[in-house]
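Novice: Dropping the structure in here first, questions after.
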Amino acid sequence: MADSNNLKKTIQTPNGKGKVEKIYITELGHVMAKVKIRKNGIANYINYTLGSLQKNEDTQDIFFI
């Protein structure tokens, strides 16, 4: 799991700009990102699927450090 202190990336989502809080891998092998989006002073967290470790073509542009 990536440390949230090291992730300071802001990304554009369908719901507006958000900060990547955490990147993790589920038990089923899905690479996920937890993104915090603030609207009107309220923080909302949305999980996005970035790819799957079982399907190499989906994750070929994802690098783990």
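With the numbering used here, letter number 64 in the sequence shown gets 64, and the count goes up by one each step, no holes.
Note that the Cβ used here is the ideal one computed from N, Cα and C, for glycine as well.
On a predicted model such as this, the values are computed, not experimentally measured, just so you know.
What's the gap between the Cα of residue 48 and the Cα of residue 34?
Specialist: Indexing the sequence shown from 1 puts residue 48 at position 48. Indexing the sequence shown from 1 puts residue 34 at position 34. Residue 48 and residue 34: Cα-Cα distance of roughly 7 Å.
Novice: Which class does residue 29 belong to by DSSP, given the choice of helix, strand or coil?
Specialist: Numbered from its first residue, the sequence shown carries residue 29 at position 29. Note: residue 29 maps to coil in three-state DSSP.
Novice: Quick one: does residue 42 have its CB under 8 Å from some CB of chain C?
Specialist: In summary, chain C is missing from the structure at hand, where a single protein chain is found.
Novice: Looking at the structure shown, is residue 50 part of a helix, part of a strand, or coil, going by DSSP?
Specialist: The residue given as residue 50 occupies position 50 in the sequence shown. Three-state DSSP puts residue 50 in a strand.
Novice: Give a yes or no on whether the C-beta atoms belonging to residue 19 and residue 36 are separated by under 8 Å.
Specialist: Taking the first residue of the sequence shown as position 1, residue 19 is located at position 19. Taking the first residue of the sequence shown as position 1, residue 36 is located at position 36. Against a cut-off of 8 Å, the Cβ pair of residue 36 and residue 19 comes out as a contact.
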